[in-house]
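Enquirer: Sending over a structure as structure tokens; questions will come in a sec.
Residue numbers (UniProt numbering): 1 to 745.
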């Protein structure tokens, strides 16, 4: 799990939420700085990235999002099995329905031909078979809804076909001298309902096709390298943590692990959404399902089976598909209300037609009302959109952990970016050295200050035990030039930096906070260099020896080439951008100016980032916070939408509702686009499904019968199925959505 990082000491424990954030002075925007805050932890070091935690992913794809209120479907878990069941029952029922219809007395009278007396038994017998066999899913589903005390679609259908069956059976047996031979309509009704459900299951199966594709990413077998160097094929289930596997050129990585030999370009598109192959070398992590495009690798396994990132991603998508949104809750309430509305309408219809002396019309109209008012389209309106949108997002490297977060993203009007590791690459490097009394090129006139290499070595010695990215950059630069002396008594202090004793002398490294706290003066040469570096947007670290400024270092974190495009695209879609950083005002303004960011919060300690979010919200904004999930936890949790970017395959970023696998900030626009498109489809489907019932139920009840317009039960079943298909097709239009950045299309 990502942790907070105090420079020089790794933070630990559970990540605190916004409520636990220490009270701090309100950060200010581009007109000022945070009182008392210098430049973040390490007094000039931007917040550390730290090491991203691992992941422990368990679970298999259980099925698509459940249909709210449709207990008879069992939540449609295992939609592939459901499709097969309905397909088989449809074809068998259709075969039985054809003779049932052709040999039905009412159908024969309608078309003007006679049915031989020897064949009058066919329709009742085959009609009963259709009722029992074809209607079984609806009858058992109705029982499930009754037991769950959640009456809905299945109970309405079961009532309709049962009424038709009882009336037809009574007529065939001569009970009560009725003339209600509905065998042909019963058969057609069941067949059409089975067809509608089959098509629905197919649509849902297609919606989750991306998850099935994820399951197929793993190879059937792996090639394990034994300690003696022998390569032998094994089943994936035989792999264990610590094994070394050979991944040949063009082959798929069988398990998560670390490259121990070789260098290759890997296609990670199905995991991260990144279309371009990425280089993986010795020491780099690789994940199961990715493809070594051009060379072989040897990988030491550190996660297998359900512990792999791939399994975690699939489980995460399933969780999102099964989570409930506000629109889903509304659809559930509407479907429940529609059941009682349809039941009442059916009862009133039956009573009115009986009072009019039309028992045949009473049964026919009641059956039609019950069928046509079935809330199937309403129940499908939201789950199918959820299934499609989460599958689409997974293919694009957008991992939705919280459906409500994705739903809220459409209302976001400010995106607050953490600078380091989000808008920048998060891999700072030393770009300049200035020594006291010398020029920025390293030449010095003060022998006490030492050379450029000596200054770097002293700073690196003090930073040697630091885990901060800037500290590591200083150590790396010094080691390229020569040996780094050892140090003792290492300490780090928030707002100041680090200090240690090198050869008995106190050496301190930090930003403006350290300089202000020490009261030390800066030589003109160092000041000139610092001014130039700050104008260029570099971070400045001062190096003090025994309380005197020995020099300064410029450390620059390269701005991602995609950041400017991300800001521009968000602005084009009506979303403002802001940036929060622990850097000095001059550094922050330089970066923001290059990117076109409208508001800047500089010199903000990690614990204060949540206050920045709260300040924006207090001004009436809906805020999405974008960070790397390492020291942004309170801000991510406190924002209307928390987005962890650059998490790769680490889906364990707990504070974020959305996790972006890639580190491309343009992916944020994909979240906005998906949120708006999915919400639009949800409401289109809800409006269609409810509007259809408002218009269709009165027609089914026979309000236009006086002018000769009536709907037969079979026609009602067709209309109900058509309404479901319309909802499904409208949701399928989400497939046309391209979430890739515009430049990559």
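Cβ coordinates follow ideal geometry from the N, Cα and C atoms, glycine included.
Using DSSP's beta-bridge definition, name the partner residues of residue 497.
Expert: Counted from its first residue, the chain shown places residue 497 at position 497. DSSP output for residue 497 lists 493 as bridge partner(s).
Enquirer: Comparing the C-beta of residue 98 with each C-beta of chain C, is any distance below 8 Å?
Expert: Looking for chain C here will not work: only one protein chain is present.
Enquirer: If you draw a straight line from the C-alpha of residue 54 to the C-alpha of residue 309, how long is it?
Expert: Position 54 of the chain shown holds residue 54. Position 309 of the chain shown holds residue 309. Legend: pLDDT at residue 54 = 34, less than 50; position of this residue unreliable, no value from coordinates given.
Enquirer: Does residue 619 come out as helix, strand or coil in the three-state DSSP assignment?
Expert: Residue 619 sits at position 619 when you count from the first residue of the chain shown. Three-state result, residue 619: coil.
Enquirer: Here's the rule: buried if 16 or more other CB atoms are within 10 angstroms of the residue's CB, otherwise exposed. What is residue 383?
Expert: In the chain shown, residue 383 corresponds to position 383, counting from 1. Its Cβ being crowded by 16 or more others within 10 Å, residue 383 is buried.
Enquirer: Quick one, which of 516, 515 and 550 has its alpha-carbon nearest residue 505's?
Expert: The residue given as residue 505 occupies position 505 in the chain shown. For the residues 516, 515 and 550, the minimum Cα distance to residue 505 belongs to 550.
Enquirer: Per DSSP, what are the beta-bridge partners of residue 435 in this structure?
Expert: Looking up residue 435 in the chain shown gives position 435. Answer is 551, bridged to residue 435.
Enquirer: Leaving out the 5 sequence neighbours to the left and right, which residues in its chain are closer than 6 Å to residue 731 when beta-carbon positions are compared?
Expert: Translated into positions along the chain shown, residue 731 becomes position 731. Cβ within range, chain order: 384, 385, 388 and 681.
Enquirer: Under a Cβ-count criterion, where at least 16 other Cβ atoms within 10 Å of its own Cβ denotes burial, should residue 741 be classed as buried or exposed?
Expert: For the purposes of this step, residue 741 is taken as the residue at position 741 of the chain shown. Buried, because 16 or more other Cβ atoms sit within 10 Å of the Cβ of residue 741.
Enquirer: Could you have a look at residue 83 and say whether DSSP puts it in helix, strand or coil?
Expert: One-based indexing of the chain shown puts residue 83 at position 83. Three-state result, residue 83: helix.
Enquirer: In this structure, what does DSSP give as the bridge partners for residue 562?
Expert: Counted from its first residue, the chain shown places residue 562 at position 562. Partner(s): none; residue 562 has no beta bridge.
Enquirer: Mark residue 120 as exposed unless 16 or more other C-beta atoms lie within 10 angstroms of its C-beta, in which case mark it buried.
Expert: Sequence index remark: in the chain shown, residue 120 carries index 120 (1-based). The residue is exposed, with fewer than 16 neighbouring Cβ atoms inside 10 Å.
Enquirer: Residues bridged to residue 788 by DSSP?
Expert: Outside the displayed span of the chain (1 to 745) sits residue 788, for which this structure offers no information.
Enquirer: Please state the DSSP three-state secondary structure of residue 596.
Expert: Within the chain shown, residue 596 is the residue found at index 596, counting from 1. The answer is coil: DSSP assigns residue 596 none of H, G, I, E or B.
Enquirer: What span of residues does the alpha helix (DSSP H) with residue 679 cover, start to end?
Expert: Walking along the chain shown from the start, residue 679 turns up at place 679. 667 to 701 is the span of the alpha helix (DSSP H), which, as asked, contains residue 679.
Enquirer: Give me, in chain order, the residues of the same chain whose beta-carbon lies closer than 8 Å to that of residue 538; leave out the 5 immediate sequence neighbours on both sides.
Expert: As a first step, residue 538 must be located in the chain shown, where it is residue number 538. Hits under 8 Å: 431, 432, 554, 555, 556 and 587.
Enquirer: Helix, strand or coil for residue 627, going by three-state DSSP, please let me know.
Expert: Here residue 627 refers to the residue found at position 627 when the chain shown is read from its first residue. Three-state DSSP puts residue 627 in a strand.
Enquirer: Would DSSP call residue 709 helix, strand or coil?
Expert: Taking the chain shown and counting its residues from 1, the one referred to as residue 709 is at position 709. Coil.
Enquirer: Secondary structure at residue 416, three-state DSSP: helix, strand or coil?
Expert: Indexing the chain shown from 1 puts residue 416 at position 416. Strand, per DSSP.
Enquirer: Name the residue from 713, 664 and 705 whose alpha carbon lies nearest to the alpha carbon of residue 739.
Expert: Taking the first residue of the chain shown as 1, we reach residue 739 at position 739. Nearest option by C-alpha distance: 664.
Enquirer: By how many angstroms is the C-alpha of residue 289 removed from the C-alpha of residue 268?
Expert: Taking the chain shown and counting its residues from 1, the one referred to as residue 268 is at position 268. Taking the chain shown and counting its residues from 1, the one referred to as residue 289 is at position 289. One C-alpha to the other measures close to 8 Å.
Enquirer: So what's residue 589 in DSSP terms, helix, strand or just coil?
Expert: Sequence index remark: in the chain shown, residue 589 carries index 589 (1-based). Reduced to three states, the DSSP call for residue 589 is helix.
Enquirer: Using DSSP's beta-bridge definition, name the partner residues of residue 579.
Expert: Within the chain shown, residue 579 is the residue found at index 579, counting from 1. Bridge partners of residue 579: 417 and 600.
Enquirer: Kindly indicate the opening and closing residues of the beta strand (DSSP E) around residue 235.
Expert: Position 235 of the chain shown holds residue 235. That run of the beta strand (DSSP E) goes 231 to 235.
Enquirer: Can you tell me whether residue 300 is helix, strand or coil according to DSSP?
Expert: In the chain shown, counting from the first residue as 1, residue 300 sits at position 300. Looking at residue 300 - three-state DSSP - the assignment turns out to be strand.
Enquirer: Candidates 341, 191, 638 and 167: which alpha carbon is nearest residue 626's?
Expert: As a first step, residue 626 is located in the chain shown; it is residue number 626 there, counting from the start. Nearest C-alpha to residue 626: 638.
Enquirer: What is the DSSP secondary structure of residue 738, reduced to helix, strand or coil?
Expert: Within the chain shown, the letter at position 738 stands for residue 738. In this structure, residue 738 counts as coil in the three-state DSSP scheme.
Enquirer: What residues in its chain sit with their C-beta under 8 Å from that of residue 734, if we drop five residues either side in the sequence?
Expert: Along the chain shown, read from residue 1 onward, the residue named residue 734 stands at position 734. Cβ neighbours of residue 734 beyond the five flanking positions: 385, 388, 389, 392, 677, 678 and 681.
Enquirer: What residues are listed by DSSP as bridge partners for residue 768?
Expert: What is shown of the chain runs 1 to 745, which leaves residue 768 out entirely.
Enquirer: Which same chain residues, not among the five before or five after residue 636, have their C-beta less than 7 Å away from its C-beta?
Expert: As a working mapping, residue 636 is identified with position 636 in the chain shown. For residue 636, where only same-chain residues beyond five positions count, the Cβ hits under 7 Å are 625, 627, 629, 642, 644, 655 and 656.
Enquirer: Using CA coordinates, which residue listed in 306, 597, 708 and 264 is at the minimum distance from residue 248?
Expert: As a first step, residue 248 is located in the chain shown; it is residue number 248 there, counting from the start. Closest by alpha carbon: 264.
Enquirer: Between the region 234 to 246 and the region 292 to 305, are three or more C-beta pairs nearer than 8 Å?
Expert: A contact exists between the region 234 to 246 and the region 292 to 305.
Enquirer: Which word fits residue 66, buried or exposed, when buried means at least 16 other C-beta atoms lie within 10 angstroms of its C-beta?
Expert: As a first step, residue 66 is located in the chain shown; it is residue number 66 there, counting from the start. Only weak support exists for where residue 66 lies, its pLDDT of 35 falling under 50; the value from the coordinates is given anyway. Answer is buried; the Cβ neighbour count reaches 16.
Enquirer: Residues in its own chain within less than 8 Å of residue 91 by CB, not counting five upstream and five downstream?
Expert: Taking the first residue of the chain shown as position 1, residue 91 is located at position 91. Answer for residue 91: no residue qualifies.
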